[in-house]
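Undergrad: Position 225 of the sequence shown, counting from 1, maps to 230 under the numbering used here, and the rest follow consecutively.
Positions of the beta carbon are idealized from the N, C-alpha and C atoms, including for glycine.
Quick caveat, the model's predicted, so the values are computed rather than measured.
Before I ask anything, here is the structure I am working with.
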Amino acid sequence: MPSFDVTIAGELNLDLILYGLPEQLEPERELLADRMMLTLGSSSAIVAHNLAALGSRVGFQSRIGDDPLGRIALERLRQGGVDVSQVRSVSGATTTGLTVILHHAAWRNILTYAGTIFELNWDDLDLDYLADSRHFHLSSYYLQRALRPRVKELLQHLKSKGLTISLDTNDDPDDRWGGGLEEVLRYVDVFLPNEREACKVAATNDAELAMERLAKIVPLVVVKLGRRGAMAQRGKERLLAASVEVTPVDSVGAGDSFDAGFLHQYLRGADLPTCLANGNLAGALSTTRPGGTEAFRDAGHREEFLRAHQPM
Ligand SMILES: Nc1ncnc2c1ncn2[C@@H]1O[C@H](COP(=O)(O)OP(=O)(O)O)[C@@H](O)[C@H]1O
Ligand SMILES: [Mg+2]
6 MPSFDVTIAG ELNLDLILYG LPEQLEPERE LLADRMMLTL GSSSAIVAHN LAALGSRVGF
66 QSRIGDDPLG RIALERLRQG GVDVSQVRSV SGATTTGLTV ILHHAAWRNI LTYAGTIFEL
126 NWDDLDLDYL ADSRHFHLSS YYLQRALRPR VKELLQHLKS KGLTISLDTN DDPDDRWGGG
186 LEEVLRYVDV FLPNEREACK VAATNDAELA MERLAKIVPL VVVKLGRRGA MAQRGKERLL
246 AASVEVTPVD SVGAGDSFDA GFLHQYLRGA DLPTCLANGN LAGALSTTRP GGTEAFRDAG
306 HREEFLRAHQ PM
């Protein structure tokens, strides 16, 4: 039996979230936030952390700088129960990345200094470690700049070792949506974009059409619809799953938490409605606390929320 249920190679950094800033960010003024949270960020790390919190065995590879923020992020992931023995801490000019989120009532600014995120590369990876798993997940395709030219080769290798594979592109900061993604998708079993990303990748404004097009390439396409829940297409079969009603604090990491909830059930062999329901449940749970992992980190809160809604 492999050591892990899921292995993940990707970015590891913190999010600094500021709440209560004025809607207009006037230049040269001192603008006051009324609350802040420094928490584990980055899509790859949030998926890893929350999968482990749900009970999956997770192995994680990454590259961070030899600096305080990198150490805090690493410690958070370790405390979450993720195996971080293969995370490389590299001293040099580039430090660990950081995302600053300015949270407004109806929208947010997301400001990222990529740092070591852009430098994670093939030589940082231990292929035997990544292959010692049932499943491999890749997030933030467009942030993996150094790794991206070899992602196809990586997925090809892991597939040949019998792993299933999921991908969540997240946003493309350049808004180009190329970079060999179509080739890469041929090795993906579960594709997990949000609505906007699905439309961008499939070059249409119609999310259902996007899903239909993507389902011709990927066996299972799952599109996250924010507070409306999620929809999925497997071949010709299409499903819609409503979200869980909550009063959100913020939706940072909700999509990554959805991925964790969905994959946790997928790897137990659950049927598609159960996977979708669990994705929505995990996405909703994530919105009840700041950032993407706080609601999962608080075991009491997590278990109470899950019990109140449905068993995982
Ligand atoms: N306001 C909300 N109420 C309930 N569930 C939500 C809410 N916002 C997000 N979610 C859950 O989180 C999932 C992912 O959110 P979404 O914003 O679509 O993804 P992303 O974070 O990738 O943009 C949704 O599919 C849903 O299950
Ligand atoms: Mg996302």
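Cβ of S94 versus every heavy atom of ligand 2: is any distance shorter than 7 Å?
TA: Position 89 of the sequence shown, counted from the first residue, corresponds to residue 94. Because no heavy atom of ligand 2 lies under 7 Å away, the Cβ of S94 does not count as near it: no.
Undergrad: Closer than 7 Å to a non-hydrogen atom of ligand 2 - does that hold for the CB of G86?
TA: Taking the first residue of the sequence shown as position 1, residue 86 is located at position 81. It does not: the Cβ of G86 is nowhere closer than 7 Å to a heavy atom of ligand 2.
Undergrad: Should K241 go down as buried or exposed, given a rule of 16 or more other Cβ atoms within 10 Å for buried?
TA: For the purposes of this step, residue 241 is identified with residue 236 of the sequence shown, where counting begins at 1. When all chains shown are included, K241 counts as exposed.
Undergrad: For the stretch 99 to 118 against the stretch 139 to 147, do three or more pairs of beta-carbon atoms, one drawn from each stretch, fall closer than 8 Å, so that the two count as touching?
TA: no
Undergrad: Using only the alpha-carbon positions, how far apart do F310 and V193 sit?
TA: Looking up residue 310 in the sequence shown gives position 305. Looking up residue 193 in the sequence shown gives position 188. Straight-line Cα distance between these residues: approximately 32 Å.
Undergrad: Return the Cβ separation of W127 and L152 in integer angstroms, given the expectation that the two are a contact with Cβ distance under 8 Å.
TA: Within the sequence shown, the letter at position 122 stands for residue 127. Within the sequence shown, the letter at position 147 stands for residue 152. That pair is a contact at about 7 Å.
Undergrad: Whose beta carbon lies closer than 5 Å to any heavy atom of ligand 2, going through the chain in order?
TA: N175 and G260
Undergrad: Using the three-state DSSP reduction, which class does N126 fall into: helix, strand or coil?
TA: If you number the sequence shown from 1, residue 126 lands on position 121. In this structure, N126 counts as coil in the three-state DSSP scheme.
Undergrad: DSSP three-state label for A14, please.
TA: For the purposes of this step, residue 14 is taken as the residue at position 9 of the sequence shown. A14 falls in the strand class under three-state DSSP.
Undergrad: Can G382 and N18 be called in contact, C-beta distance under 8 Å?
TA: Lying outside 6 to 317, the shown extent of the chain, residue 382 is not represented and no answer is given.
Undergrad: With a CB to CB cut of under 7 Å and the five nearest residues on each side skipped, what residues in its chain are close to V52?
TA: Translated into the one-based positions of the sequence shown, residue 52 becomes position 47. So the list reads I13, H142, S144, D261, D264 and A265, once near-sequence residues are dropped.
Undergrad: Under three-state DSSP, which class holds H140?
TA: For the purposes of this step, residue 140 is identified with residue 135 of the sequence shown, where counting begins at 1. In the structure shown, H140 sits in a strand (DSSP, three-state: E or B).
Undergrad: Suppose the cutoff is 7 Å on Cβ atoms and the five residues either side in sequence are ignored; what does the same chain contact list for L56 look like?
TA: Walking along the sequence shown from the start, residue 56 turns up at place 51. Contacts found: V11, V63, A265, L268 and H269.
Undergrad: What do you get for Y118, buried or exposed, if any count of 16 or more other CB atoms within 10 angstroms of its CB means buried?
TA: Position 113 of the sequence shown, counting from 1, holds the residue named residue 118. The residue in question, Y118, is exposed, as its Cβ has fewer than 16 Cβ neighbours within 10 Å.
Undergrad: By how many angstroms is the C-alpha of G258 removed from the C-alpha of G288?
TA: Numbered from its first residue, the sequence shown carries residue 288 at position 283. Numbered from its first residue, the sequence shown carries residue 258 at position 253. Going from the Cα of G288 to the Cα of G258 covers about 8 Å.
Undergrad: Keeping to the same chain, check which residues put their C-beta closer than 8 Å to that of L23; ignore five residues upstream and five downstream.
TA: To locate residue 23, count along the sequence shown from 1; it is residue 18. Closer than 8 Å at Cβ, skipping near neighbours: A38, R40, M41, V105, I106, L107 and H108.
Undergrad: Secondary structure at E242, three-state DSSP: helix, strand or coil?
TA: If you number the sequence shown from 1, residue 242 lands on position 237. It is a strand residue.
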